[in-house]
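Notes for the one structure printed next.
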Amino acid sequence: MDFSVIVLAAGKGKRMKSELPKVLHPILGRPMLNYVLDAVMQISPERIIVVVGYGADKIKETLSSIKVKYALQSKQLGTGHAVRCAKGAFRDYNGKILIVNGDFPLIRSETLKGFVENHKKTNTGISLLTAFLDSPEGYGRVVRNGKGDVIRIVEEKDATPKEKMIKEINSGAYCVESSFLWDVIGKIGSKNEQKEYYLPDIVNIATQSGKKISGFIVPDGEEVLGVNNREELARVEERLRKRTNEKLMLSGVTIVNPEVTYISPRVSIGADTVIYPNTFIYGNTKVGKDCKIGSSVWIEDSEIGDDVTIAFSSYIIKALIEDKSKIGPFAHLRPESQILSGAKIGNFVEIKKSKIGRGSKVPHLSYVGDASIGEGVNIGAGTITCNYDGFHKHETIIEDNVFIGSDTMLVAPIKVGKGATTGAGSTITKDVPPGALAIERSKQQVITGWKRKTKGKKGNE
Ligand code: UD1
Ligand code: CA
Numbered sequence: 004m005d006f007s008v009i010v011l012a013a014g015k016g017k018r019m020k021s022e023l024p025k026v027l028h029p030i031l032g033r034p035m036l037n038y039v040l041d042a043v044m045q046i047s048p049e050r051i052i053v054v055v056g057y058g059a060d061k062i063k064e065t066l067s068s069i070k071v072k073y074a075l076q077s078k079q080l081g082t083g084h085a086v087r088c089a090k091g092a093f094r095d096y097n098g099k100i101l102i103v104n105g106d107f108p109l110i111r112s113e114t115l116k117g118f119v120e121n122h123k124k125t126n127t128g129i130s131l132l133t134a135f136l137d138s139p140e141g142y143g144r145v146v147r148n149g150k151g152d153v154i155r156i157v158e159e160k161d162a163t164p165k166e167k168m169i170k171e172i173n174s175g176a177y178c179v180e181s182s183f184l185w186d187v188i189g190k191i192g193s194k195n196e197q198k199e200y201y202l203p204d205i206v207n208i209a210t211q212s213g214k215k216i217s218g219f220i221v222p223d224g225e226e227v228l229g230v231n232n233r234e235e236l237a238r239v240e241e242r243l244r245k246r247t248n249e250k251l252m253l254s255g256v257t258i259v260n261p262e263v264t265y266i267s268p269r270v271s272i273g274a275d276t277v278i279y280p281n282t283f284i285y286g287n288t289k290v291g292k293d294c295k296i297g298s299s300v301w302i303e304d305s306e307i308g309d310d311v312t313i314a315f316s317s318y319i320i321k322a323l324i325e326d327k328s329k330i331g332p333f334a335h336l337r338p339e340s341q342i343l344s345g346a347k348i349g350n351f352v353e354i355k356k357s358k359i360g361r362g363s364k365v366p367h368l369s370y371v372g373d374a375s376i377g378e379g380v381n382i383g384a385g386t387i388t389c390n391y392d393g394f395h396k397h398e399t400i401i402e403d404n405v406f407i408g409s410d411t412m413l414v415a416p417i418k419v420g421k422g423a424t425t426g427a428g429s430t431i432t433k434d435v436p437p438g439a440l441a442i443e444r445s446k447q448q449v450i451t452g453w454k455r456k457t458k459g460k461k462g463n464e
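At position 443 of the sequence shown the residue is numbered 446 (the working numbering), and the sequence of numbers has no breaks.
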């Protein structure tokens with residue numbers, strides 16, 4: 004679309020009582036600013052300028068994979084001042100500008116699209132996105148004249164008791180003609196309760212200069228809820244969780260108790276998958292169909308095939324799990340784990356940066372790191388790949404159809420050839436050729452007729 008966007012994200016968010024910039028506080032595992040940018044990017048503006056200040060470097064780092072430009076507001080003197088700081092980025096631009104706060108993550112892209120389109124139609128110098136809220140406390144109120152035209156915005160702190168009764172609020176989103184914006188932005192003063200340069204004052208100045216303001220009301224007020232403290236953060240997360248879970252359920256996913264299931268809106272889940280309570284699915288995760296997940300499972304940035312079971316208390320980060328695999332209970336899959344189809348990772352097993360071949364099993368109490376395991380392998384209980392010598396990590400290769408006996412220590416780098424076997428309790432330090440048995444333990448001695456030396460021990464006479 005032929006318009007550009009300014010996103011205001013320079014404030015610290017004092018009411019959050021946090022060192023982390025407010026707009027980076029996560030909602031369902033993702034910084035709230037990213038949700039605003041998602042909505043903005045979906046309507047393809049010509050350019051996006053994010054105004055940063057407090058925690059600027061952290062914000063830039065968080066957004067590093069997104070195509071936006073930055074303007075710096077080194078002192079946070081108010082939202083009007085923040086927009087003024089973006090002026091330099093628009094020197095070569097003449098057209099419409101959408102300005103939004105970085106702290107209203109529930110906003111839908113369709114709403115922003117409708118708002119911009121309406122602005123184009125009405126052909127006013129400035130449009131304002133508003134909503135009616137049952138509890139408008141804390142927001143700037145929208146004052147209309149007898150004809151119903153928007154004439155002013157008054158901040159809560161500057162409002163008279165009568166103005167505080169107004170339920171129509173300023174969402175913090177504006178559509179403005181650039182020429183008008185740069186003309187008016189320098190005229191904003193800071194004579195108010197907070198001694199700040201208020202962006203909403205552009206509306207008041209426009210009215211004074213005889214300009215018409217068009218107010219665009221969002222039917223679903225929930226979309227423009229801002230986050231200023233942690234209580235609002237939790238409330239907004241709850242709404243987003245509901246919205247996301249509802250969509251998944253209607254698409255054929257069973258969520259046993261949606262009140263206690265936390266799924267990021269970016270996650271995709273196939274039909275007939277069942278999600279049990281207390282499960283978190285975050286990041287860039289894809290789950291196939293017919294899976295059973297939970298309860299109390301955490302999955303992040305992972306790809307999960309069809310017909311997979313991930314049982315109680317498993318923790319899965321940046322892993323690939325192919326069709327028909329069984330994971331957990333109590334399994335930990337760390338980044339770069341690849342569990343190929345039909346494999347089984349059982350209780351108290353940790354896998355790191357390893358490939359587990361088709362149909363292979365690591366059923367109990369094992370650590371597998373930096374390993375490549377072939378097909379049809381069985382790893383006995385208590386087996387450990389000793390991948391770290393105190394300085395470097397080393398690789399373990401286990402070829403197809405190997406049988407690793409219980410409690411085997413595989414001291415890497417090491418290779419166990421096709422079809423080989425290791426004896427239980429062995430510490431394997433040399434490569435094992437295909438088909439061989441490697442056993443490393445001292446011979447068992449049996450001393451017959453031996454009786455425990457109990458003499459002198461109290462109560463054992
Ligand atoms: C603002 C509006 C209010 C509106 C509400 C909607 C003003 C003065 N008031 O209030 O009318 O109802 O949003 O949620 O604008 N920011 C900067 N630089 C600054 C100050 C703020 O970039 O100097 C950024 C913040 O990071 C934030 C956004 O601007 O993303 C809004 O600031 P915030 O302090 O949350 O404004 P509100 O008090 O909520
Ligand atoms: Ca706010």
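Glycine included, every Cβ here is placed at the ideal spot set by N, Cα and C.
{"query": "Is I169 closer than 8 Å to V187 when the C-beta atoms are compared?", "result": "no"}
{"query": "Taking the C-alpha atoms as reference points, what is the distance between S130 and L23?", "result": "32 Å"}
{"query": "Alpha carbon to alpha carbon, how far is R361 from K446? Give it in angstroms, no decimals.", "result": "36 Å"}
{"query": "Less than 7 Å separating the Cβ of N104 from some heavy atom of ligand 2?", "result": "yes"}
{"query": "Three Cβ pairs or more, each shorter than 8 Å: is that satisfied between the region 124-140 and the region 221-240?", "result": "yes"}
{"query": "With hydrogens ignored, establish whether the beta-carbon of N231 is closer than 7 Å to any heavy atom of ligand 2.", "result": "yes"}
{"query": "Can you tell me where the beta strand (DSSP E) with H367 in it begins and where it stops?", "result": "364-367"}
{"query": "Verify the CB distance criterion: does K433 have a CB-CB separation below 8 Å to chain D?", "result": "Included in the structure is just one protein chain, with no chain D present."}
{"query": "Under 8 Å by Cβ, that's how I've got V277 and V259 pegged, so tell me the actual separation to the nearest angstrom.", "result": "7 Å"}
{"query": "Specify the secondary structure class of Y96 as computed by DSSP and reduced to three states.", "result": "coil"}
{"query": "Let me check understanding here. Comparing Cα to Cα, which of I376, V86, A209 lies closest to L75?", "result": "V86"}
{"query": "In whole angstroms, give me the CA-to-CA distance for K194 and L243.", "result": "37 Å"}
{"query": "So is Q45 buried or exposed if we call it buried at 16+ other beta carbons inside 10 Å?", "result": "exposed"}
{"query": "Taking Cβ positions, are F315 and S298 nearer each other than 8 Å?", "result": "yes"}
{"query": "Measuring only the C-alpha atoms, how far is I102 from E196?", "result": "23 Å"}
{"query": "Label L115 either buried or exposed according to how many other C-beta atoms from any shown protein chain fall within 10 Å of its C-beta, with 16 as the threshold for buried.", "result": "buried"}
{"query": "Assuming E241 contacts L109 under a Cβ cut-off of 8 Å, what Cβ separation, rounded to an integer in Å, is found between them?", "result": "Actually they are not in contact, since the Cβ atoms of E241 and L109 sit about 11 Å apart, beyond 8 Å."}
{"query": "Compute every distance between the C-beta of L11 and the non-hydrogen atoms of ligand 1, then say whether any falls below 7 Å.", "result": "yes"}
{"query": "Just list the residues that DSSP pairs C178 with in beta bridges.", "result": "L101, S130"}
{"query": "Given that a residue counts as buried once 16 or more other Cβ atoms are within 10 Å of its Cβ, and exposed if not, what is T451?", "result": "exposed"}
{"query": "What are the complete beta strand (DSSP E) segments, minimum 3 residues, inside the region 286-334?", "result": "301-303, 318-320, 322-324"}
{"query": "Give the DSSP bridge partners of S193, in chain order.", "result": "Beta-bridge pairing links S193 to no other residue."}
{"query": "What did DSSP end up calling E353 once you bin it into helix, strand or coil?", "result": "strand"}
{"query": "Can you find a heavy atom of ligand 1 that lies under 7 Å from the Cβ of V26?", "result": "yes"}
{"query": "Quick check for students: name the residue ranges of the beta strand (DSSP E) that lie wholly in the region 222-266, counting only runs of 3 or more.", "result": "264-266"}
{"query": "Starting from M412, trace the beta strand (DSSP E) in both directions and tell me its first and last residue.", "result": "412-414"}
{"query": "Under the rule that 16 or more other beta-carbon atoms within 10 Å means buried, what is Y391, buried or exposed?", "result": "exposed"}
{"query": "Might you give, ordered along the chain, the residues of its own chain that have their beta carbon closer than 6 Å to the beta carbon of N207, omitting 5 neighbours on each side?", "result": "R155"}
{"query": "Using C-beta distances below 6 Å, list every residue in its chain close to C294, excluding the 5 sequence neighbours before and after it, in chain order.", "result": "T276, V311"}
{"query": "Taking DSSP as the reference, what is the three-state secondary structure of G16?", "result": "coil"}
{"query": "Give the single residue among E199, F333, L228, E180 whose Cα lies nearest to the Cα of A209.", "result": "E180"}
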